[in-house]
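Student: Encoded as structure tokens, here's the structure I'll be asking about.
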Amino acid sequence: MLDSKIPSGPIENKWTERKFENKLVNPANRRKHTIIVVGSGLAGASAAASLAEQGYKVKVFTYHESPRRAHSIAAQGGINAAKNYQNDGDSVHRLFYDTIKGGDYRAREANVYRLAEVSVNIIDQCVAQGVPFAREYGGTLANRSFGGTQVSRTFYAKGQTGQQLLIGAYSSLMRQVGEKSIELFSRHEMLDLILSDGKARGIVTRNLVTGEITSHTGDAVVLASGGYSNVFFLSTNAKASNATAAWRAYKRGAYMANPCYTQIHPTCIPVSGDHQSKLTLMSESLRNDGRVWVPKKAGDDRAPAQIAENERDYYLERMYPAFGNLVPRDVASRASKRMCDEGLGVGSSKLAVYLDFQEAIERLGESKVKEKYANLFQMYEKITDENPYKTPMRIFPAVHYVMGGLWVDYNLMSNIPGLFVLGEANFSDHGANRLGASALMQGLADGYFVAPYSIGNYLGGEKLAPIKLEQDPVKATTQAVKEKIESFKKIKGNQSAETIHRRLGKIMWDYCGMSREESGLKEAISKIGALKEEFSNTLWVPQDDKCLSSEMEKAGRVSDFLELGELMCIDALERKESCGGHFREEMQTPDGETLRDDTHFSHVAAWEFNTEKPKLHKEALTFEYAHIAQRNYK
Amino acid sequence: MKLNLKIWRQKGPSTPGNLVDYDIADVTPDMSFLEMLDVLNVGLVEKGETPIEFDHDCREGICGSCSLMINGNAHGPETGTATCQLHMRRFKENDTIVIEPWRAKAFPVLRDLMTDRTAFDRIIAAGGFISVNTGNAAEANSILVGKNIAESAMDAAACIGCGACVAACKNSSAMLFVSAKVSHLAQLPQGHPERSQRVRGMVTQMDHEGFGSCSNTGACEAACPKEITLENITRLNREMLRASLIS
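If you read the protein sequences in the order shown, they are chains E and Z. Each residue of the first sequence is one higher than the one before, starting from 13 at the first, in our numbering. Each residue of the second sequence is one higher than the one before, starting from 20 at the first, in our numbering.
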């Protein structure tokens, strides 16, 4: 069993307790410590800025051209915080409870409580940075509702909340770059983790412009490299989002926890053809005013306007009257899939349902609807050439986020001392399903308010020997990276990594997507094995790697996705229960809802890399404060 | 549909480049412009040729990575649209499309259609922030911001830092980019303590990076995928004047 290092005492006091127990580093000594941060999204940028402000020397690495282009920027709807500004019964305890329940009782209670606790500080910090959140006429902050909750606690900046929060964190980061307390390495991709005496002491990177491989050492390594939804090829993630930094750490011994927990977002623009390169999300906030429906009759090809009210099935309102269109994402996605499986899907592919704003436009007026969602409606129209003010949107679920990630303890440190993992890259807070507007909250909680304490504690308590670039662990790791690149060049096949990636994505979606079952997962594992073989025989990359080469970048990422996809299927096979986004067809209630098996699976599955087959470690999950029950949104 | 593409190929920052012809068939109206380039690249790889490098990431118009000059227009023919949101339904059979990188001294070409826009980051580092350390913040609702002011600040803050304004400008001026940030922060009460320092720092860095001067032609506003308005440049000039008067 893994030790999650949760502080003792009542849940309300745990974080205060831990902050007091933590060892500190004297301000004058902080500049003697170098901290490496990989990733510049919300978690990475906020951690880097906060650590640099405290006086540490920070090196930030991003494969992007600029930290501002990290994928956090694409988050639309908002960020949760237990401010209770709406006087509607919100509290730290309620946000904690909603998150645990939303995650289908597969998250660690103590972490989630801390997340809810610091959520209020995040909003304060962001406002101070100049994040232009939506306001009421009196000048106070406005809120909206999101799925899986019955209070209004989501703060937002139009449909660009992620962008505005990231720009806030990025501007803090750039201030430290200007003050020379952060050294920024853009267009640098982490390709390996350097361990010395079993501790994380550095990384090996490839300069994406020159192809140069270099090593960088320090006293702690922070991975904030995001999630791996792109293992499905088609997802709402940005094209470059990848698993490589986390996966290479896994191969060096960091445990990968709950890799099968995937979030399928219910409201995305459907696939339009074989050329499709990615999917586009339509924010969950739209379900505040949009009503989801399908025709009552299968095969009804009439235009939506010709289908009368009594011929429509507003199925979420019918099935879940208490939460209606605002049920959690996993529930909404499975309901859409069920409708389409029954032949009730709409549009030419029949793999879509309607999201209709007619009622909201009648109730609020078009200008009010425009004020709330203009950029989302415009985005929809650009992609589909249809005007959502006039005709309902067509939407379908798509892979959006992964709850799984590298295992971390309460201090956000992995099982490798000195390796901290923040944001979507870790597994910690969302259990088997994440609630809307909670990813931004977690990224910033980890970066602004948790990592600065935890990393200080680690550095204050460790005696680290100096590490030199010419020493063996550094040299050997750098050599291994170079050899991997050479191995891709030796194949000299005729397929791009992207072609193979697309096929991997199809396997993952078909067998390890919205629903999973034993024989399918076994088949997927064997298909992925064959695809790995094909990759190592038919890959083509340019022979010149000492230059900008996106084919070389993709080759490395796809080779990692192939291995990760396999582990996801192994994990999904092992977890013989349904919970949150992980739906095993063998385990469901009579009305098709997830059926957990708390006796056998109330644990975190943390996988250790092994050349033969991965080894499973477990962390038991106990619930002392949240009343464990079958989730009910009816 | 069939198209003739003329695409800028350039091996590296210091090597000369040229336009190369590519014919592409089977383009469908639902494809995005970048998906059309993906298809072209897969074909090149199958022939063992080096694919065309171009910047892109989110493909939903928010990360600001994509940056193509399409038939002489930054981000192509549609207004308020980033390249990644442009779809092939805007083109017709047998069209010739010329695709080039941003052209500006401050944005050197890295390879093919990719440029280096880190000058923008250095301008932000020179003042595009509010100095508030983590943990320093006051309770959020203790700072009141009028709804209209918050919305106007948000409109300026919507800038995605793509550089289309620079590419569209005959002088390669970065005034729209700089003004959007100055305007975002100067309108909010939180931004007031540092407003003079901010505008001076950013403008000095902008000049240092080699961006040209503004001559008020408005090409930047027309090219901006986020429709950032010239009003922001007016506000920047006012902030600059204010800073020089009180210093």
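Ideal Cβ placement from N, Cα and C applies to all residues, glycine included.
Hey, is N506 (chain E)'s beta-carbon within less than 8 Å of any beta-carbon in chain Z?
Tutor: Yes, its Cβ sits closer than 8 Å to a Cβ of chain Z.
Student: Return the first residue and the last residue of the alpha helix (DSSP H) that E29 (chain E) is part of.
Tutor: Here the alpha helix (DSSP H) through E29 (chain E) covers 26–33.
Student: Closest Cβ-Cβ distance between A169 (chain Z) and chain E: below 8 Å?
Tutor: Chain E contact via Cβ: present.
Student: Please list, in chain order, the chain E residues whose beta carbon lies closer than 9 Å to that of L163 (chain Z).
Tutor: Going along chain E in sequence order, the residues near L163 (chain Z) (Cβ under 9 Å) are R147, G150, G151, T152.
Student: Give the straight-line distance between the Cα atoms of N41 (chain E) and T153 (chain Z), rounded to the nearest whole angstrom.
Tutor: Near 20 Å, if we compare the C-alpha coordinates of T153 (chain Z) and N41 (chain E).
Student: When you check each C-beta in the region 174–199 of chain Z against every C-beta of chain E, which residues fall closer than 8 Å?
Tutor: Flagged, chain order: A176, A177, I179, G180.
Student: In chain order, what residues of the same chain lie with their CB nearer than 6 Å to the CB of V185 (chain Z), ignoring the 5 residues before and after it?
Tutor: Within the same chain, V185 (chain Z) has close Cβ partners A123, S191, A193.
Student: Just curious, the alpha helix (DSSP H) that E636 (chain E) is in, first and last residue?
Tutor: Looking at the DSSP string, E636 (chain E) is not in any alpha helix (DSSP H), and its letter there is neither H nor E.
Student: Okay, do the region 241–251 of chain E and the region 410–423 of chain E touch, 3+ Cβ pairs below 8 Å being the bar?
Tutor: In short, these stretches touch, since the Cβ pair count reaches three.
Student: Among residues of its own chain, excluding the 5 on either side of P485 (chain E), which ones have a beta-carbon nearer than 7 Å to its beta-carbon?
Tutor: Closer than 7 Å at the Cβ level, and outside the excluded window around P485 (chain E), lie I206, L207, S208.
Student: To the nearest angstrom, report how far apart P70 (chain Z) and E374 (chain E) are at their CA atoms.
Tutor: When rounded, the distance between both Cα atoms is 50 Å.
Student: Excluding sequence positions up to five away, which residues of its chain have a Cβ less than 7 Å from the Cβ of C138 (chain E)?
Tutor: Excluding sequence neighbours, C138 (chain E) sits near L177, G180.
Student: Considering Cα atoms alone, identify which of E:A57, E:G115, E:S62, E:G89 is closest to F635 (chain E).
Tutor: Minimum Cα distance to F635 (chain E) is reached at E:G115.
Student: Between which two residues does the beta strand (DSSP E) containing E119 (chain Z) stretch?
Tutor: Residues 115–119.
Student: Listed from N- to C-terminal order along the chain, which residues in the region 178–204 of chain E have their beta-carbon within a distance smaller than 7 Å of any beta-carbon of chain Z?
Tutor: Against chain Z - using a Cβ distance shorter than 7 Å - the residues of the region 178–204 of chain E are I179, S183, S184, M186, R187, V189, G190, S198.
Student: Name, going along the chain, the residues of the region 264–286 of chain E whose beta-carbon falls closer than 7 Å to a beta-carbon of chain Z.
Tutor: Answer set for the region 264–286 of chain E: S284, G285.
Student: S198 (chain E) and L456 (chain E) look like a contact to me (Cβ under 8 Å); what is the Cβ gap, rounded to whole Å?
Tutor: About 21 Å separates the two Cβ atoms, so there is no contact after all.
Student: Please state if the CB of E148 (chain E) and the CB of I23 (chain E) are separated by a distance shorter than 8 Å.
Tutor: No. Outside cutoff.
Student: Does R564 (chain E) come out as helix, strand or coil in the three-state DSSP assignment?
Tutor: Just to set this straight, residue 564 (chain E) is Met in the shown sequence, not Arg. In this structure, M564 (chain E) counts as helix in the three-state DSSP scheme.
Student: Can you say whether T34 (chain Z) is buried or exposed, counting buried as having 16 or more other CB atoms within 10 angstroms of its CB?
Tutor: With fewer than 16 other Cβ atoms within 10 Å, it is exposed.
Student: Pull up the CB-CB distance for D572 (chain E) and A617 (chain E), whole angstroms please, since I reckon it's below 8 Å.
Tutor: Not a contact, Cβ separation roughly 20 Å.
Student: Can at least three beta-carbon pairs, one atom from the region 104–115 of chain E and one from the region 71–84 of chain E, be found at a separation below 8 Å?
Tutor: No, because fewer than three Cβ pairs between the region 104–115 of chain E and the region 71–84 of chain E fall closer than 8 Å, the two stretches do not touch.
Student: In chain order, what residues of the region 543–555 of chain E put their CB closer than 7 Å to some CB of chain Z?
Tutor: Against chain Z - using a Cβ distance shorter than 7 Å - the residues of the region 543–555 of chain E are W552, P554.
Student: With three or more beta-carbon pairs closer than 8 Å as the criterion, would you say the region 283–301 of chain E touches the region 26–42 of chain E?
Tutor: With the cut-off at 8 Å, the region 283–301 of chain E and the region 26–42 of chain E do not touch.
Student: With 8 Å as the threshold, decide whether the Cβ of E79 (chain Z) is near any Cβ in chain E.
Tutor: For E79 (chain Z), the answer is yes, since a Cβ of chain E falls inside 8 Å of its Cβ.
Student: Under the DSSP definition of a beta bridge, which residues are partnered with R156 (chain E)?
Tutor: E:T166, per the DSSP bridge assignment.
Student: Answer with buried or exposed for M202 (chain E), where buried requires no fewer than 16 other C-beta atoms within 10 angstroms of its C-beta.
Tutor: Per the 10 Å Cβ criterion, buried.
Student: In chain E, which residues lie less than 9 Å from F139 (chain Z) when you measure between Cβ atoms?
Tutor: Neighbours of F139 (chain Z) on chain E, chain order: S78, R80.
Student: Looking at the ligand ZN, does it come within less than 7 Å of D226 (chain Z), judged from the CB to the closest heavy atom?
Tutor: As presented, the structure is devoid of all ligands, the ligand ZN included, so that no description of it is given.
Student: Using CA atoms only, rank isn't needed, just tell me which of E:G89, E:G101, E:E529 is closest to S297 (chain E).
Tutor: If we check each option's Cα against that of S297 (chain E), E:G89 comes out closest.
Student: On the premise that H203 (chain Z) lies in contact with P144 (chain E), defined as a C-beta separation below 8 Å, what is that separation, rounded to the nearest angstrom?
Tutor: Indeed, because the Cβ distance is near 7 Å, the residues count as touching under 8 Å.
Student: Could you tell me whether the region 60–71 of chain E touches the region 505–524 of chain E, using the rule of 3 or more Cβ pairs below 8 Å?
Tutor: With a cut-off of 8 Å, the region 505–524 of chain E and the region 60–71 of chain E do not count as touching, because too few Cβ pairs lie within range.
Student: Note down the Cα distance separating S253 (chain E) from L264 (chain Z), rounded to an integer number of angstroms.
Tutor: Cα to Cα, the separation comes out at about 47 Å.
Student: May I have a chain-ordered list of the alpha helix (DSSP H) segments no shorter than 4 residues that lie completely inside the region 64–141 of chain E?
Tutor: Those alpha helix (DSSP H) runs which fall completely within the region 64–141 of chain E and span 4+ residues are 104–114, 121–141.
Student: Since I89 (chain Z) contacts L24 (chain Z) with CB under 8 Å, what's their CB separation in whole angstroms?
Tutor: So it is not a contact: roughly 10 Å between Cβ atoms.
Student: Suppose contacts are defined by Cβ-Cβ distances below 8 Å. Is T102 (chain Z) in contact with C85 (chain Z) by that definition?
Tutor: A contact, by the Cβ cut-off of 8 Å.
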